[in-house]
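Colleague:
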Amino acid sequence: MRKTKWAAKIIPNPRQEREYIERDNKQNVDDRTKKIKQSGNKKQIVEGSNLNSFIDSDILKILYSRGITSEKEVIKFLNPKMENIQNPYGLQDMEKTVLEIERAIEEKKNIWIFGDYDVDGITSTSILYMALKELGAENVNYYIPIRDEGYGLNNEALKKIKESGADLVITVDCGITAFPEVEFANSINLPIIITDHHNLHGGKLPSAIAVVNPKRPENKFSFEFLAGVGTIFMVILCLYERIGKKVKAYKYLDLVAIGTVADIVPLVQENRILTKFGLEQLNRSKNKGLRFLLYKLFNTQNSDFNEKTEYNSYDVGFVIAPVFNAAGRLKDAKMVVKLLISDNDREIEIIVKELINKNFERKELQNEIVEKVEKHIEESDLKEDYVIVDYSPEYHHGVIGIAASKIVDKYYKPAIIIEVKEDEGIAVGSCRSIGNFNILEALQSMPELFLKFGGH
């Protein structure tokens, strides 16, 4: 499911959206036809493989249908290993990024991390903060905007960060489309390194001192679907490798897995490796705050020893991630970062209690909004539209993304749910789409209608 966040002046033109869906449907049919033509000798390939002696042929057929077509790829998929991760220096600007961060640490610069308020952004901010501190950075701070500020960099926040004495800003899970904001930062002499995984806008990059993004076309690193936390983890791997302690970075894999699963990126190749070992790491997590949260969520008997023998992607996506997200949706995502970097038992206990309460509050609010949206859909016959669009000043922007997901699940149509901010004269919306309609492309075709937007 594609996710898009945006703020708009008016709702997109339905006719243009219909043209996009019709075009993408045609492309989808063409793609399926190609796959059928190419799969004519699939049975022969599977039966002729040396893998048949120890791997069930039905499993092989499923893997082949998913594009995993060579023996090497099959073995890598079924037996993920950390050493199979591609060289992170294949990501454009990685060396420049690592050298800039090393220099900032050595010169005792004031480093600020600028993150996003979702689970991917929270985990990205947390692991970079902990890594920088362990690598010797003395002055490290972080900034995550509240939802009312909107997604990503904003000039007011950058101004405050500069006034606090910042020498360098490193973005995580945001920044790739922040052209005016990066220009503003340059104008006040505030250097920015961007690490992000969202789609580039028109193939252009902001004028930051370095931009690490798996979707940059010039990358030699061939996997483009890293989450934001996977992207910054590659930077951290390089930083630890430079001091001969690469394996020490693996302790962050529990949070890397949480951010990766929560951001709904494809769990293949590097993401599959990071998630597999990250889920294993959850059982022996050294993170005090995370360990206490798991103790409360899964009702284990001892917060110092996690008795749950195995975590899976369901546990992350439907139990852990919603609690992380509740803070950013209804209050302030920084409280989760505080939990994950804290070593204070009392502070951890207070934050976990508040997070669990916020998650209950989030569920009630979410159900209320979904009911209202479904009522509007039935009353106005919106289900007949190519794209379901609903808006109201009563919708809370913190949960409209979840509401949009629920609508897509029920009607299998792209959905845009919007909170109208009448006093500000704008609308803030979240979009969710189906596989054959790239809603971000549709928004990019009419940028004049939006104040800002982005997504993947």
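1 is the number of the first residue of the sequence shown in UniProt numbering; add one for each residue after it.
Every residue, glycine too, gets a C-beta built ideally from N, C-alpha and C.
For Arg432, which residues in the same chain have their Cβ closer than 6 Å to its Cβ, ignoring the five residues on either side in sequence?
Modeller: Here the question's residue 432 lines up with position 432 in the sequence shown. Cβ within range, chain order: Met1, Ala404, Ser405, Val408 and Ala415.
Colleague: State the DSSP-derived secondary structure class of Gly203, mapped to helix, strand or coil.
Modeller: Counting from one through the sequence shown, the residue named residue 203 turns up at place 203. It is coil, neither helix nor strand.
Colleague: Can you name, in chain order, every residue of its own chain whose Cβ lies under 8 Å from the Cβ of Pro80, other than the five neighbours on each side?
Modeller: Counted from its first residue, the sequence shown places residue 80 at position 80. Excluding sequence neighbours, Pro80 sits near Arg272, Ile273, Lys276 and Phe277.
Colleague: Less than 8 Å between the CB atoms is what I'm expecting for Pro191 and Ile209, so what's the real figure, rounded?
Modeller: Residue 191 sits at position 191 when you count from the first residue of the sequence shown. Residue 209 sits at position 209 when you count from the first residue of the sequence shown. The Cβ separation is near 5 Å, so the contact holds.
Colleague: Determine the direct distance from the alpha carbon of Ile59 to that of Ser313, and round the result to whole angstroms.
Modeller: Position 313 of the sequence shown, counted from the start, is the residue given in the question as residue 313. Position 59 of the sequence shown, counted from the start, is the residue given in the question as residue 59. Distance between the alpha carbons of Ser313 and Ile59 is about 20 Å.
Colleague: Can you check DSSP and say which residues form a bridge with Leu355?
Modeller: In the sequence shown, the residue the question calls residue 355 occupies position 355. None; Leu355 has no bridge partner.
Colleague: Could you pull the start and end residues of the alpha helix (DSSP H) that Gly454 belongs to?
Modeller: Along the sequence shown, read from residue 1 onward, the residue named residue 454 stands at position 454. First-last for Gly454: Phe450 to Gly455, but that is the beta strand (DSSP E), not the alpha helix (DSSP H).
Colleague: Report the option in Tyr295, Ile232 and Tyr412 whose CA atom is closest to the CA atom of Phe437.
Modeller: Taking the first residue of the sequence shown as position 1, residue 437 is located at position 437. Residue nearest to Phe437 within the set Tyr295, Ile232 and Tyr412 is Tyr412 (criterion: CA-CA distance).
Colleague: Comparing the C-beta of Asp58 with each C-beta of chain B, is any distance below 8 Å?
Modeller: Looking at the structure shown, chain B is missing, and only one protein chain is on hand.
Colleague: Is the distance from the Cβ of Tyr151 to the Cβ of Phe114 below 8 Å?
Modeller: For the purposes of this step, residue 151 is identified with residue 151 of the sequence shown, where counting begins at 1. For the purposes of this step, residue 114 is identified with residue 114 of the sequence shown, where counting begins at 1. Going by C-beta atoms, Tyr151 is not nearer than 8 Å to Phe114.
Colleague: Based on the DSSP output, what are the partners of Ile426 in its beta bridges?
Modeller: On the sequence shown, residue 426 is found 426 positions in, with the first residue counted as 1. Note: Ile426 sits in a beta bridge opposite Lys421.
Colleague: Return helix, strand or coil for Ser380, following the three-state DSSP convention.
Modeller: As a first step, residue 380 is located in the sequence shown; it is residue number 380 there, counting from the start. Here Ser380 sits in helix by DSSP.
Colleague: State the Cα-Cα distance for the pair Gln301 and Val370, rounded to the nearest angstrom.
Modeller: Your numbering for residue 301 matches position 301 in the sequence shown. Your numbering for residue 370 matches position 370 in the sequence shown. With a pLDDT of 49 at Gln301, under the threshold of 50, the modelled position of this residue cannot be trusted; read the value that follows with caution. One C-alpha to the other measures close to 36 Å.
Colleague: What's the gap between the Cα of Leu340 and the Cα of Ile75?
Modeller: For the purposes of this step, residue 340 is taken as residue 340 along the sequence shown, with counting starting at 1. For the purposes of this step, residue 75 is taken as residue 75 along the sequence shown, with counting starting at 1. Leu340 and Ile75 have their alpha carbons spaced roughly 35 Å apart.
Colleague: Can you tell me whether Asn141 is helix, strand or coil according to DSSP?
Modeller: In the sequence shown, the residue the question calls residue 141 occupies position 141. Three-state DSSP puts Asn141 in a strand.
Colleague: Just checking my contact of Leu365 with Val336 at CB under 8 Å: how many whole Å lie between their CB atoms?
Modeller: If you number the sequence shown from 1, residue 365 lands on position 365. If you number the sequence shown from 1, residue 336 lands on position 336. Actually they do not touch by this definition, with Cβ atoms about 18 Å apart.
Colleague: When the distance is taken between beta carbons, is Thr97 closer than 8 Å to Val235?
Modeller: Residue numbering aside, residue 235 sits at position 235 when the sequence shown is read from its first letter. Residue numbering aside, residue 97 sits at position 97 when the sequence shown is read from its first letter. Cβ distance < 8 Å, so Val235 and Thr97 count as in contact.
Colleague: Does the region 121 to 140 touch the region 242 to 259, meaning 3 or more C-beta pairs lie closer than 8 Å?
Modeller: yes
Colleague: Compare the Cα-Cα distances from Asn110 to each of Lys248, Gly244 and Glu100 and report the closest residue.
Modeller: On the sequence shown, position 110 is the one that residue 110 refers to. Ranking the options by Cα distance to Asn110, first place goes to Glu100.
Colleague: State yes or no: is the C-beta of Gly429 within less than 8 Å of the C-beta of Ile439?
Modeller: Taking the first residue of the sequence shown as 1, we reach residue 429 at position 429. Taking the first residue of the sequence shown as 1, we reach residue 439 at position 439. For Gly429 and Ile439, no; Cβs fall outside 8 Å.
Colleague: Using the C-alpha atoms, what's the distance from Glu394 back to Lys133?
Modeller: For this step, residue 133 is matched to residue 133 along the sequence shown. For this step, residue 394 is matched to residue 394 along the sequence shown. Between Lys133 and Glu394, the C-alpha separation is close to 42 Å.
Colleague: Taking only runs that begin and end inside the UniProt domain "DDH" (110 to 260), name each unbroken alpha helix (DSSP H) of 4 or more residues, in chain order.
Modeller: 119 to 134, 155 to 163, 179 to 187 and 228 to 242
Colleague: Can you check whether the CB of Gln92 is closer than 8 Å to the CB of Ser222?
Modeller: Sequence index remark: in the sequence shown, residue 222 carries index 222 (1-based). Sequence index remark: in the sequence shown, residue 92 carries index 92 (1-based). Not a contact, by the Cβ cut-off of 8 Å.
Colleague: Could you pull out every residue in the same chain whose Cβ sits closer than 8 Å to the Cβ of Phe147, ignoring the five residues on either side in sequence?
Modeller: Locating residue 147 in the sequence shown gives position 147, counting from the first residue. One detail in the question is off: residue 147 reads as Arg in this sequence, not Phe. Here the set comprises Tyr117, Gly328, Arg329, His397 and Gly398.
Colleague: Is it right to say Arg66 is buried, meaning 16 or more other beta carbons lie within 10 angstroms of its own, or is it exposed?
Modeller: Residue mapping note: residue 66 aligns to position 66 of the sequence shown, counting from 1. Exposed, because fewer than 16 other Cβ atoms sit within 10 Å of the Cβ of Arg66.
Colleague: Nearest to Gly90 by CA position, among His201, Pro214, Ser207 and Glu441, is which residue?
Modeller: By 1-based counting over the sequence shown, the position of residue 90 is 90. Of His201, Pro214, Ser207 and Glu441, the residue nearest in Cα terms is Pro214.
Colleague: Given Tyr311, which residues of its chain have a CB within under 6 Å of its CB, disregarding the five upstream and five downstream residues?
Modeller: For this step, residue 311 is matched to residue 311 along the sequence shown. The residues are Leu279 and Leu282.
Colleague: To the nearest angstrom, report how far apart His198 and Ala321 are at their CA atoms.
Modeller: Numbered from 1 along the sequence shown, position 198 holds the residue referred to as residue 198. Numbered from 1 along the sequence shown, position 321 holds the residue referred to as residue 321. Taking the straight line joining both Cα atoms gives about 20 Å.
Colleague: May I ask you to list the residues that DSSP assigns as paired with Ser392?
Modeller: As a position in the sequence shown, residue 392 is number 392, starting the count at 1. Answer is Glu419.
Colleague: For the alpha helix (DSSP H) containing Gly398, name the first residue and the last one.
Modeller: Taking the first residue of the sequence shown as position 1, residue 398 is located at position 398. No alpha helix (DSSP H) contains Gly398, which DSSP labels as neither H nor E.
Colleague: Return the first residue and the last residue of the alpha helix (DSSP H) that Phe54 is part of.
Modeller: Indexing the sequence shown from 1 puts residue 54 at position 54. Careful: Phe54 lies outside any alpha helix (DSSP H) and carries neither H nor E.
Colleague: Take the Cβ of Ala442 as the centre, count every other Cβ of all protein chains shown within 10 Å, and call the residue buried at 16 or more, exposed below.
Modeller: As a first step, residue 442 is located in the sequence shown; it is residue number 442 there, counting from the start. Burial call: buried.
Colleague: Rounded to the nearest angstrom, what separates Lys334 and Ser187 at their Cα positions?
Modeller: Looking up residue 334 in the sequence shown gives position 334. Looking up residue 187 in the sequence shown gives position 187. Near 27 Å, if we compare the C-alpha coordinates of Ser187 and Lys334.
Colleague: Using a 10 Å radius around the Cβ and a threshold of 16 neighbouring Cβ atoms, would you call Gly454 buried or exposed?
Modeller: Position 454 of the sequence shown, counted from the first residue, corresponds to residue 454. Buried is the call here.
Colleague: Can you tell me where the alpha helix (DSSP H) holding Arg103 begins and where it ends?
Modeller: Taking the sequence shown and counting its residues from 1, one reaches residue 103 at position 103. Segment Met94 to Glu106, the alpha helix (DSSP H) holding Arg103.
Colleague: Going by other Cβ atoms of all chains shown within 10 Å of its Cβ, with 16 needed for buried, is Asn325 buried or exposed?
Modeller: Within the sequence shown, numbered from 1, the residue matching residue 325 stands at position 325. Looking at its Cβ environment, which holds 16 or more other Cβ atoms inside 10 Å, Asn325 is buried.
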